[in-house]
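Okay, structure first, notes after.
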Amino acid sequence: MTQAITVAFIGGGNMTVSLAGGVSGDAASPRVIISEPKAEQRERLARLFPAAQIVADNALAAAEADVVVLAVKPQVMQVVAEGLRPALARKPLILSIAAGVTVARLDAWLGGVQPVVRAMPNTPALVGSGATGLFANARVDERQRGIAERIMRSVGLVQWFDVESQLDAVTALSGSGPAYVFLLMEALETGGATLGLAPEVARVLALQTVFGAAKLALESDDSPATLRERVTSPGGTTQAALQVFEDGELRELVSRAMQAAAQRARELAGD
117 MTQAITVAFI GGGNMTVSLA GGVSGDAASP RVIISEPKAE QRERLARLFP AAQIVADNAL
177 AAAEADVVVL AVKPQVMQVV AEGLRPALAR KPLILSIAAG VTVARLDAWL GGVQPVVRAM
237 PNTPALVGSG ATGLFANARV DERQRGIAER IMRSVGLVQW FDVESQLDAV TALSGSGPAY
297 VFLLMEALET GGATLGLAPE VARVLALQTV FGAAKLALES DDSPATLRER VTSPGGTTQA
357 ALQVFEDGEL RELVSRAMQA AAQRARELAG D
């Protein structure tokens, strides 16, 4: 990312804070403009990013930008996108992180002439450990693809997709996935407390176990299945627990949950 690039964020919420912080840490950090309607939040953003330009006018932010990051809620995206049209004469790259808003919808709201990348990040991006799926329309050139990738890579892993509908599967896996893991954490914490551990001890052990297992899987050349087999001794405690999961058809339950999430993503997108 070169110094000449200007990135405008429309919306000053948590994801913008994470992304703005990520790109600001780039070796050649871009100029950052953030548009946020709430005065209190603008003051907070100014404290967090003293080198950034903080404004209340979306059009003002977008007018000079090479990249416009749309970081607003899906339900207000149409109004925001249509309101930006007059400010997009330079045809900046549009990078949307709004869940369920398709490129076709954005394209229509923006006037049908803009290069658009749709991103599906997840909440661990807030701590720089996200996973993001990306899809670009035909107007996005290689340089713009690289810029979009670097912006999202500043908060975690990035994966491109050639077919936009695959983002529904991404939503079901990595988009909603953190909630599945949080539910597992809750269950481990509750289970530990039920077995007599102090709640605060159960919580720490549950969180560290999930964190440690994920770190081990990421740093290992072995598959999760192999790692599971290695800690499962025949007739041992782990096998006894895993058998309960198998009897309860945990794999099928997870698959059904993901199918439900993907179907809901399609419904929200109007497919």
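Each number in my numbering comes from the position in the sequence shown (counting from 1) with 116 added on. Backbone N, C-alpha and C fix where the C-beta goes; we use that ideal spot for every residue, glycine too.
**Q.** Through-space distance from Val192 to Phe327, alpha-carbon basis
**A.** 35 Å
Q) If you run the structure through DSSP and keep just helix, strand and coil, what is Phe361? A) helix
**Q.** Segments of 3+ residues assigned as beta strand (DSSP E) that fall wholly inside the segment 265 to 337
**A.** 272 to 276
Q: Starting from the Cα of Ser151, find the closest Cα among Pro208, Val320, Val185 and Arg269 and give me that residue.
A: Val185
Q. Candidates Ala168, Met131, Gln230 and Glu180: which alpha carbon is nearest Glu198's?
A. Nearest to Glu198 by C-alpha distance, out of Ala168, Met131, Gln230 and Glu180, is Gln230.
(Q) If distances are taken between C-alpha atoms only, which option among Pro240, Leu283 and Gln324 comes closest to Ala252? (A) Leu283
(Q) As a quick exercise: from Arg147, Phe298, Gly127 and Gly129, pick the residue whose alpha carbon is nearest that of Ile403. (A) Given a span of 117 to 387 for the chain in the structure shown, any question on residue 403 remains unanswerable.
Q. Looking at the structure shown, is Gln157 part of a helix, part of a strand, or coil, going by DSSP?
A. helix
**Q.** For Thr118, three-class secondary structure by DSSP
**A.** Confidence is the limiting factor: at Thr118 the pLDDT is only 47, short of 50, which leaves the residue's position unreliable, though a coordinate-based value still follows. If DSSP states are grouped into helix, strand and coil, Thr118 belongs with coil.
Q: Would you check if the distance between the CB atom of Met236 and the CB atom of Ala215 is smaller than 8 Å?
A: A contact, by the Cβ cut-off of 8 Å.
Q.
Can you tell me whether Asp182 is buried or exposed? The criterion is at least 16 other CB atoms within 10 Å of its CB, across all chains shown.
A. buried
**Q.** Reference Ala172; option with closest CA among Asp278, Arg158, Val139 and Leu343
**A.** Arg158
Q.
So Leu358 and Thr342 are supposed to be a Cβ contact under 8 Å. How far apart are they, rounded?
A. In fact, because the Cβ distance is near 14 Å, the residues do not count as touching under 8 Å.
Q | Residue span of the beta strand (DSSP E) that contains Val232, given as start and end | A | Note, Val232: beta strand (DSSP E), Val232 to Met236.
Q) Under a CB-based cut-off of 8 Å, is Val370 close to chain D? A) The structure shown contains no chain D, having only a single protein chain.
Q | Endpoints, the beta strand (DSSP E) within which Thr132 is located | A | Element bounds for Thr132: not the beta strand (DSSP E) but the alpha helix (DSSP H), Asn130 to Ser140.
(Q) On the DSSP letters alone, give me the boundaries of the beta strand (DSSP E) that Gly249 sits inside. (A) Gly246 to Ala252
Q) Of the choices Glu180, Trp225 and Val360, whose alpha-carbon is the least far from that of Pro208? A) Glu180
Q | Three CB pairs or more closer than 8 Å across the segment 233 to 250 and the segment 286 to 296 | A | yes
Q. Which class does Arg206 belong to by DSSP, given the choice of helix, strand or coil?
A. In the structure shown, Arg206 sits in coil (DSSP, three-state: anything other than H, G, I, E or B).
Q: Express the C-alpha separation of Thr306 and Leu366 in angstroms, rounding to a whole number.
A: Going by the C-alpha atoms only, they are around 18 Å apart.
Q: Measure the C-alpha to C-alpha separation of Ala124 and Val219 and round it to an integer number of angstroms.
A: 19 Å
Q) Hey, is the segment 129 to 140 in contact with the segment 264 to 277, meaning 3+ C-beta pairs nearer than 8 Å? A) yes
Q) Closest to Arg221 by CA distance: which of Val196, Phe298, Ala162 and Leu304 is it? A) Val196
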